[in-house]
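The structure under discussion appears below in the form of structure tokens.
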Amino acid sequence: GVIGVLKALSGNMPARFVHMSAIGASINAPSAYHRTKKMAEEAVAASGIPFTIVRPSLVYGHGDRSINQFLAFGRTLHLLPMIGSGTARIQPVFAGDLGTLLAKIPDHPDMAGRSIEVGGPRIYTYREMMESIRKSAHLKALIMPAPVAMMMASGVLQKLFLSRPFLTPDVIRMALSDNVTRRNSSVTDFGMNLVSLESWLESGEV
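Counting with our numbering, you get residues 187 to 392 for the letters of the sequence shown.
Here you go:
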């Protein structure tokens with residue numbers, strides 16, 4: 187984990203340690219995922235190593251286990267499952283754009299000691315994101331709202347019986363909360379032209 191990495195670096199101080207966390211990282215977060223992310227951030231900040239913490243929204247790209255999983259459901263089951271009402275907001279960012287930003291950070295002294303948030307060019311509700319996936323990937327699929335309690339039960343069972351569950355109680359908790367930037371550093375600090383989810387889906391490079 188990050189503690190081991192920090193210990194290994196203590197005798198060989200890097201010019202900058204770039205740590206990738208997640209939007210929503212907080213000790214008081216409802217999900218264990220976000221609580222552990224915050225604990226890692228605090229360890230980085232207390233290490234004495236020059237750092238920048240990067241908090242992305244949902245990251246997608248070739249071989250991801252988020253957007254590609256929805257595509258698989260849409261193509262095989264002709265369904266796009268949506269947890270609850272789909273009103274929570276999300277700002278998916280292309281992995282290639284995130285990688286470009288991470289590579290730029292060491293050349294920006296003004297990023298030292300900062301935590302920045304990174305998202306894609308558009309904020310969606312979950313329902314809007316599903317509609318974009320369906321349209322841009324040319325899927326003949328039904329967007330299916332599912333009750334939170336039913337999805338939570340499915341998540342518990344997947345966690346118990348699958349080695350790599352797609353759905354867990356933590357994933358459900360996160361899907362019910364907004365996952366958007368307060369200030370999108372990729373645009374405001376780095377002036378990047380970001381890939382949209384729609385253009386990536388239409389490119390067929392999934």
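Ideal placement from N, C-alpha and C gives every residue a C-beta, glycine not left out. Since the structure is predicted, the reported quantities are computational estimates derived from the model, not experimental observations.
Whole beta strand (DSSP E) elements within the region 258-341, 3-residue minimum:
265-269, 300-304, 328-332
So Pro355 is in the alpha helix (DSSP H); what residue range does that whole segment cover?
Position 169 of the sequence shown, counting from 1, holds the residue named residue 355. From DSSP, the alpha helix (DSSP H) with Pro355 extends over 355-361.
In or out: Ala361 buried (at least 16 other Cβ within 10 Å) or exposed?
Within the sequence shown, the letter at position 175 stands for residue 361. It is buried - the Cβ of Ala361 has at least 16 other Cβ atoms within 10 Å.
For Met225, name the three-state secondary structure that DSSP assigns.
To locate residue 225, count along the sequence shown from 1; it is residue 39. Here Met225 sits in helix by DSSP.
In terms of residues, what are the limits of the beta strand (DSSP E) holding Thr238?
Sequence index remark: in the sequence shown, residue 238 carries index 52 (1-based). Per DSSP, Thr238 is one residue of the beta strand (DSSP E) stretching across 237-242.
Among residues of its own chain, excluding the 5 on either side of Ala211, which ones have a beta-carbon nearer than 7 Å to its beta-carbon?
Walking along the sequence shown from the start, residue 211 turns up at place 25. So the list reads His220, Lys223, Lys224, Glu227, Arg241, once near-sequence residues are dropped.
Does Val393 come out as helix, strand or coil in the three-state DSSP assignment?
The requested residue 393 does not occur in the structure, where the chain is confined to residues 187 to 392.
Apart from the five residues just before and just after Phe259, which ones in its own chain have a Cβ nearer than 8 Å to its Cβ?
Start at 1 with the first residue of the sequence shown, and residue 259 comes out as number 73. Contacts found: Leu265, Leu266, Pro267, Ala327.
Our contact map puts Phe376 next to Lys290 with C-beta atoms below 8 Å; I'd like the distance itself, whole angstroms only.
The count along the sequence shown starts at 1 and reaches residue 376 at position 190. The count along the sequence shown starts at 1 and reaches residue 290 at position 104. Indeed they touch by this definition, with Cβ atoms about 6 Å apart.
If you measure between the beta carbons of Pro355 and Val342, is that distance less than 8 Å?
Here residue 355 is taken as the residue at index 169 of the sequence shown, counted from 1. Here residue 342 is taken as the residue at index 156 of the sequence shown, counted from 1. Yes, these two residues count as a Cβ contact at 8 Å.
For Ala208 and Ser217, the rounded distance between their alpha carbons
The residue given as residue 217 occupies position 31 in the sequence shown. The residue given as residue 208 occupies position 22 in the sequence shown. Rounded to the nearest whole angstrom, the CA to CA distance from Ser217 to Ala208 is 12 Å.
CB of Pro333 within 8 Å of CB of Ser382, strictly:
Reading the sequence shown from its first residue, position 147 is the one you call residue 333. Reading the sequence shown from its first residue, position 196 is the one you call residue 382. Result no, Cβ atoms of Pro333 and Ser382 do not sit closer than 8 Å.
Leaving out five residues on either side along the sequence, give the residues of the same chain with a beta carbon under 6 Å from the beta carbon of Leu387.
Sequence index remark: in the sequence shown, residue 387 carries index 201 (1-based). Same-chain partners within the cutoff: Ser322, Ala323.
Are Arg275 and Val366 touching if we call contact CB-CB under 8 Å?
Translated into positions along the sequence shown, residue 275 becomes position 89. Translated into positions along the sequence shown, residue 366 becomes position 180. For Arg275 and Val366, yes; Cβs fall inside 8 Å.
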